[in-house]
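Chemist:
Number of protein chains: 2
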Amino acid sequence: MLIPSRFSTPSSGPPRVVIVGAGFGGMQVAQSLAHSGAEVLLVDRNNYNTFVPLLYQVAASQIEPESIAYPLRTVVRRTALTRFLMADVKKIDFEHQVVETVNSVLPYDYLVLATGSQTQYLGVPGAADHAFPLRTLDQSVALRNHILQRFEQAEQEPVQTRRQQLLTFVIVGGGPTGVEMAGTLTELQRSLRHDYPNLDWREMQIVLVQSGNNLLTNLPARLGHYTTRKLRKLGVKVHFQTRVNRITEHSVEFSDGSLLPAGTVVWAAGLEAALPTAETVPETAAKRKLKVQSTLQLIDRENVYAIGDLAYGEQNGKPLTGVAPEALQQGVAVARNIRRQLRGQAPQPFRYLNKGRLAIIGGYAGVGKIGPILLTGFLPWLMWLSVHLVYLPGFRNRLMVLLNWLHGYGHGDRPIRLILTPKAAFSRPSSHTRTCTS
Amino acid sequence: MLIPSRFSTPSSGPPRVVIVGAGFGGMQVAQSLAHSGAEVLLVDRNNYNTFVPLLYQVAASQIEPESIAYPLRTVVRRTALTRFLMADVKKIDFEHQVVETVNSVLPYDYLVLATGSQTQYLGVPGAADHAFPLRTLDQSVALRNHILQRFEQAEQEPVQTRRQQLLTFVIVGGGPTGVEMAGTLTELQRSLRHDYPNLDWREMQIVLVQSGNNLLTNLPARLGHYTTRKLRKLGVKVHFQTRVNRITEHSVEFSDGSLLPAGTVVWAAGLEAALPTAETVPETAAKRKLKVQSTLQLIDRENVYAIGDLAYGEQNGKPLTGVAPEALQQGVAVARNIRRQLRGQAPQPFRYLNKGRLAIIGGYAGVGKIGPILLTGFLPWLMWLSVHLVYLPGFRNRLMVLLNWLHGYGHGDRPIRLILTPKAAFSRPSSHTRTCTS
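As they're listed, the protein sequences go chains H and B. According to this note's numbering, the first sequence is numbered sequentially starting from 20. According to this note's numbering, the second sequence is numbered sequentially starting from 20.
#1: Would a check of beta-carbon distances place glutamate 83 of chain H closer than 8 Å to chain B?
#2: Is any beta-carbon of chain H found at less than 8 Å from that of histidine 115 of chain B?
#3: Given that a residue counts as buried once 16 or more other Cβ atoms are within 10 Å of its Cβ, and exposed if not, what is arginine 182 of chain B?
#4: Give the residues from the region 170-186 of chain B that approach chain H closer than 8 Å (Cβ to any Cβ), ordered along the chain.
#5: Quick one: using the 10 Å Cβ neighbour count with 16 as the cut-off for buried, is tyrosine 383 of chain B buried or exposed?
#6: Determine, for serine 123 of chain B, whether the minimum Cβ-Cβ distance to residues of chain H falls below 8 Å.
#7: Should isoleucine 379 of chain H and leucine 167 of chain H be called a contact, given that it needs their Cβ atoms to be closer than 8 Å?
#8: If you follow the alpha helix (DSSP H) that threonine 93 of chain H is part of, which residue opens it and which one closes it?
#9: With 8 Å as the threshold, decide whether the Cβ of proline 33 of chain B is near any Cβ in chain H.
#10: Please report whether the beta-carbon of alanine 288 of chain B lies at a distance below 8 Å from any beta-carbon of chain H.
#11: So what's glycine 382 of chain B in DSSP terms, helix, strand or just coil?
#12: Excluding five sequence neighbours on each side, which residues of the same chain lie with their C-beta closer than 8 Å to the C-beta of glycine 32 of chain H?
#13: So with CB distances below 8 Å, who are the chain H contacts of tyrosine 127 of chain B?
#14: Here's a check: name, in chain order, each residue in its chain whose Cβ is nearer than 6 Å to the Cβ of valine 226 of chain H, leaving out the five neighbours to either side.
#15: In whole angstroms, what separates the C-alpha of valine 351 of chain B from that of leucine 185 of chain H?
#16: How would you list, in chain order, the residues of chain A whose beta-carbon sits under 7 Å from the beta-carbon of tyrosine 428 of chain H?
#17: Would you please verify whether the beta carbon of proline 338 of chain B is less than 8 Å from any beta carbon of chain H?
#18: Examine chain H for any beta-carbon lying closer than 8 Å to the beta-carbon of asparagine 65 of chain B, and answer yes or no.
#19: Near valine 94 of chain B, what residues of its chain come up, given a Cβ to Cβ distance below 7 Å and the 5 sequence neighbours on each side ignored?
#20: Between the C-alpha atoms of alanine 88 of chain B and leucine 377 of chain B, what's the straight-line distance to the nearest angstrom?
#21: Measure the alpha-carbon distance for tyrosine 67 of chain B versus leucine 309 of chain H and round it to whole angstroms.
#22: Taking the continuous beta strand (DSSP E) assigned at methionine 46 of chain B, which residues delimit it?
#23: Could you tell me whether any Cβ in chain H is nearer than 8 Å to the Cβ of cysteine 455 of chain B?
#24: Closer than 7 Å by beta-carbon distance: list the chain H residues that pair up with arginine 415 of chain B, in chain order.
#25: How about serine 55 of chain H and arginine 358 of chain H: are their beta carbons less than 8 Å apart?
#26: Looking at C-alpha atoms only, which residue of H:Leu204, H:Leu242, H:Glu85, H:Gln139 is the closest neighbour of arginine 169 of chain H?
#27: DSSP three-state call for phenylalanine 170 of chain H: helix, strand or coil?
#28: Is there a C-beta anywhere in chain B that falls below 8 Å from the one on aspartate 219 of chain H?
#29: Considering Cα atoms alone, identify which of B:Glu321, B:Asn335, B:Ile111, B:Leu398 is closest to leucine 361 of chain B.
#30: Ordered along the chain, which non-local residues of its own chain (more than five positions away) have a Cβ less than 6 Å from that of glutamine 260 of chain H?
#31: Let's test the definition: count the other Cβ atoms within 10 Å of the Cβ of threonine 247 of chain H and tell me whether it reaches 16, buried, or not, exposed.
#32: So methionine 105 of chain B contacts chain H; which residues on that side make the cut at Cβ distance below 7 Å?
#33: Give the secondary structure of asparagine 264 of chain H by DSSP, where H, G and I count as helix, E and B as strand, and everything else as coil.
#34: Can you pull the DSSP bridge partners for glycine 387 of chain H?
#35: If we cut at 8 Å on Cβ distances, does histidine 213 of chain B have a partner in chain H?
#36: Using a 10 Å radius around the Cβ and a threshold of 16 neighbouring Cβ atoms, would you call threonine 340 of chain B buried or exposed?
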């Protein structure tokens, strides 16, 4: 039941490149293929690119969701042969070289798969229903609403144990997202003291749960130890060698059998590739990632590339870790390889240039590794913010985020403490709706 | 089944003023009662104040919803005796002097009712289900999402009549909101030309429907005539003496029996007071507004005030029209009268000082009446923006809106063209959710 589409006619003109997914990698391919002579079609289910590294700041009322979203049509309108299609991709048919969306069929000459990753709940019962993941803009706004709601509820709650439950925040996973989230919650707590003068803040606790015995395991162990000390100083309870057995609406059950009443659980633990459905499933590696050649082409598919979190790549015998710079550099490399193929040349292997790694903790502290040098404290914190400001797409967004940071880190204030409620919000009201009211 | 609350103990200390509703009027009362010696409790269902005059700009992708929302706890934290309670008010019991929320009972010595207005669909079948009102922040974001979605759908739609339907926007009501919305849609259309190079813009139409034979009927007729000419010049089809008989998902049926296929209907027609439920219903006037004495006290209730859209007031024999400056001035007056009562003095009559009226059209034009002087064109347009920037609460919000205006009106761009979809957004996902994907 496919409706004919303006995009479904086979291209009789220039060769057509279809890019599925407009994250770091996909958007980069589209930009790098401008003026290549090829017709480029960028497909995403959203009409914006999400700047994933700052999602945790949206969840913590630091910045507006709009300032880390970049309209994809702004990207494509710069070049005549590049177009955008907002659609859910249903299936990929490698044999017939078509991408099927809900209501159209898109033939391609070259295909770039950049559909990223998705949350994987590791089989923990209740996690999918009661824990908040932090991978999309809507999820970060939902988490913001939920966190603020918990403070409002706690202020009205006369029973102490219930109040403690409402004010207990559990973060599952000690990678960058878990660390950022724990750190920013301690900052949020400080800024909310003026808002809730009647709350006893000793009733609030932030718990970070990690299965191993260090944080930020993709960085040298020393940086993980520093991060642990810093978070504990900020008031976070860091639990090592702990797994989550079950999550309910009101509590978290740990692997040692203990039960912690908690009002909010943030899931920052598991990820897997967001593999598109295909007629013939390509070879996958761990976490359902697609195996690729050194050129980023799929095994046995000369005209199909996979990049970013979707692709399994190795360098010097070690797997790539799925950070944004890898996806960006792969996007440039894929565009270069497609240009080479268009000229009849062979694609070249991709090599990731590691410029260093940074992680932000909170309380004006971060960690980093630049070449052989390890950094801790204020300098890597400032570097983290600067680098992300530079990589954030769009001048306007950069300015908005900068102003929010100057205000927020300067005054210790969180100006976007807004509960744009899920119920009323974003659904069309079916009857009368009140304004500015009780 | 009322849970005891921290707020439900009768005040043994200072007299307690409860303010229900934190719009223009309610928030002003809270601010003006600071340091009055009274305990002030501001109650609203949202944790933010909404700057209603700029909602249409949120709907038109001009400004972020966050920049016209102001956290109410920022208002109350400035004074020790002022507190905020986020709650839905269920009932008011004037006899026992208590306000009942979902989970608490709030005794009061003085009560200020400021619950504003709500959309009234005037009995038009289908209006509540298919038309978009524009009275709350969530509604304006829902309308933004819907409008942008229509353009995405139109670009993918191969059938011309379906495309025309998707690109037909009907606005019901020729007051300020209807005029603003029609004007801003013409600006949005121009800024979207670059985004959708394949659309034939002659297929798009913006229709403004008015039951009478002039626009902006609260202003002198000449200004309404100018507004009509200006909107028509911008490309809006203005239909006078036309009512809407029925609204369906795909069309609007007019009073002359004609049927217009339309993808979007904005309801800017009817309003009525958002009356709280009460044991003994006070006397009401037209549009369910509460009758008040000249002092803004309810008839027969010395310690209950009503202001803003909720109250029916007259001046020089003519009813007040329900604009923001009236609510603000009434807020100041009520605070003054409660202070007088606290000192044992009699409340004084309220007099509205009309500093003038402005309305914005679009295309750098507006209209206004300052004293006896009528203004049209660029000057009242600039004055409208300036006045609203000054009245917008919060320095940060003012700066954000100003930057957006400089960018938007300067470049003709609408940077916040983001479809933060209702389905996925703001609900907790129940299973895997993809990121940056197809």
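Glycine is no exception: its CB is placed at the ideal position from the N, C-alpha and C atoms. Source: prediction; values computed, not measured.
Modeler: Looking at the atomic coordinates:
#1: As a working mapping, residue 83 of chain H is identified with position 64 in the first sequence. Chain B, which has a Cβ nearer than 8 Å to the Cβ of glutamate 83 of chain H, makes this yes.
#2: On the second sequence, residue 115 of chain B is found 96 positions in, with the first residue counted as 1. No, histidine 115 of chain B lies away from the interface with chain H (no Cβ there is under 8 Å from its Cβ).
#3: Walking along the second sequence from the start, residue 182 of chain B turns up at place 163. Note on arginine 182 of chain B: 16 or more other CB atoms within 10 angstroms of its CB, so buried under the neighbour-count rule.
#4: Residues are counted here when their Cβ sits less than 8 Å from a Cβ of chain H; for the region 170-186 of chain B these are Glu171, Glu174, Gln175, Pro177, given in chain order.
#5: Residue mapping note: residue 383 of chain B aligns to position 364 of the second sequence, counting from 1. With fewer than 16 other Cβ atoms within 10 Å, it is exposed.
#6: Here residue 123 of chain B corresponds to residue number 104 of the second sequence, with the count starting at 1. Under the Cβ criterion of 8 Å, serine 123 of chain B is counted among the residues facing chain H.
#7: Against the first sequence, residue 379 of chain H aligns to sequence position 360. Against the first sequence, residue 167 of chain H aligns to sequence position 148. Not a contact, by the Cβ cut-off of 8 Å.
#8: Residue 93 of chain H sits at position 74 when you count from the first residue of the first sequence. In the DSSP assignment, threonine 93 of chain H falls within the alpha helix (DSSP H) that extends over 91-95.
#9: Residue numbering aside, residue 33 of chain B sits at position 14 when the second sequence is read from its first letter. Chain H contact via Cβ: absent.
#10: As a first step, residue 288 of chain B must be located in the second sequence, where it is residue number 269. No, because no Cβ of chain H sits closer than 8 Å to the Cβ of alanine 288 of chain B.
#11: Taking the first residue of the second sequence as 1, we reach residue 382 of chain B at position 363. Of the three classes helix, strand and coil, the one that applies to glycine 382 of chain B here is coil, per DSSP.
#12: Here residue 32 of chain H is taken as the residue at index 13 of the first sequence, counted from 1. Shown here for glycine 32 of chain H: same chain residues with a beta carbon closer than 8 Å to its own, the five before and five after excluded, namely Glu58 in chain order.
#13: If you number the second sequence from 1, residue 127 of chain B lands on position 108. Going along chain H, no residue has its Cβ under 8 Å from tyrosine 127 of chain B, so there is no contact; the nearest lies around 13 Å.
#14: Along the first sequence, one-based indexing puts residue 226 of chain H at 207. Within the same chain, valine 226 of chain H has close Cβ partners Val189, Lys256.
#15: Counted from its first residue, the second sequence places residue 351 of chain B at position 332. Counted from its first residue, the first sequence places residue 185 of chain H at position 166. Taking the straight line joining both Cα atoms gives about 37 Å.
#16: Absent from the structure is chain A; the protein chains it does hold are H and B.
#17: Translated into positions along the second sequence, residue 338 of chain B becomes position 319. Interface residue (Cβ-Cβ distance to chain H less than 8 Å): proline 338 of chain B is not classified as such.
#18: Mapped onto the second sequence, residue 65 of chain B falls at position 46. The beta carbon of asparagine 65 of chain B falls within 8 Å of a beta carbon belonging to chain H, placing the residue at that interface.
#19: The sequence position of residue 94 of chain B within the second sequence is 75, counting from 1. Only residues of its own chain outside the window of five on either side were considered, and among them Met46, Ala49, Gln50 have a CB closer than 7 Å to the CB of valine 94 of chain B, listed in chain order.
#20: As a first step, residue 88 of chain B must be located in the second sequence, where it is residue number 69. As a first step, residue 377 of chain B must be located in the second sequence, where it is residue number 358. Taking the straight line from one Cα to the other gives about 22 Å.
#21: Mapped onto the second sequence, residue 67 of chain B falls at position 48. Mapped onto the first sequence, residue 309 of chain H falls at position 290. The alpha-carbon atoms of tyrosine 67 of chain B and leucine 309 of chain H are separated by roughly 46 Å.
#22: The count along the second sequence starts at 1 and reaches residue 46 of chain B at position 27. Taken as a continuous stretch (DSSP letters only), methionine 46 of chain B belongs to no beta strand (DSSP E), being part of the alpha helix (DSSP H) at 43-51.
#23: Sequence index remark: in the second sequence, residue 455 of chain B carries index 436 (1-based). Reliability fails at cysteine 455 of chain B, whose pLDDT of 25 lies under 50, so the model's placement of it is uncertain and the value that follows must be treated cautiously. The C-beta of cysteine 455 of chain B comes closer than 8 Å to at least one C-beta of chain H.
#24: If you number the second sequence from 1, residue 415 of chain B lands on position 396. By Cβ distance, chain H contributes His426, Pro434.
#25: In the first sequence, counting from the first residue as 1, residue 55 of chain H sits at position 36. In the first sequence, counting from the first residue as 1, residue 358 of chain H sits at position 339. With respect to the 8 Å criterion, serine 55 of chain H and arginine 358 of chain H are classified as neighbours on the basis of their beta carbons.
#26: Taking the first sequence and counting its residues from 1, the one referred to as residue 169 of chain H is at position 150. With distances taken between Cα atoms, arginine 169 of chain H lies closest to H:Leu204.
#27: Numbered from 1 along the first sequence, position 151 holds the residue referred to as residue 170 of chain H. It is helical.
#28: In the first sequence, counting from the first residue as 1, residue 219 of chain H sits at position 200. No - not a single Cβ of chain B is within 8 Å of the one on aspartate 219 of chain H.
#29: By 1-based counting over the second sequence, the position of residue 361 of chain B is 342. Nearest Cα to leucine 361 of chain B within the set B:Glu321, B:Asn335, B:Ile111, B:Leu398: B:Glu321.
#30: Counting from one through the first sequence, the residue named residue 260 of chain H turns up at place 241. Excluding the 5 residues flanking it on each side, glutamine 260 of chain H has same chain C-beta neighbours closer than 6 Å at Asn232, in chain order.
#31: Locating residue 247 of chain H in the first sequence gives position 228, where the first residue counts as 1. Threonine 247 of chain H should be labelled buried.
#32: For the purposes of this step, residue 105 of chain B is taken as the residue at position 86 of the second sequence. Within 7 Å Cβ-Cβ: Glu171.
#33: To locate residue 264 of chain H, count along the first sequence from 1; it is residue 245. Asparagine 264 of chain H carries a strand assignment under DSSP once its states are collapsed to helix, strand and coil.
#34: Counting from 1 along the first sequence, the entry for residue 387 of chain H is found at position 368. DSSP output for glycine 387 of chain H lists H:Leu377, H:Leu394 as bridge partner(s).
#35: Here residue 213 of chain B is taken as the residue at index 194 of the second sequence, counted from 1. Yes, histidine 213 of chain B lies at the interface with chain H (some Cβ there is under 8 Å from its Cβ).
#36: Numbered from 1 along the second sequence, position 321 holds the residue referred to as residue 340 of chain B. By the 10 Å Cβ count, threonine 340 of chain B comes out exposed.
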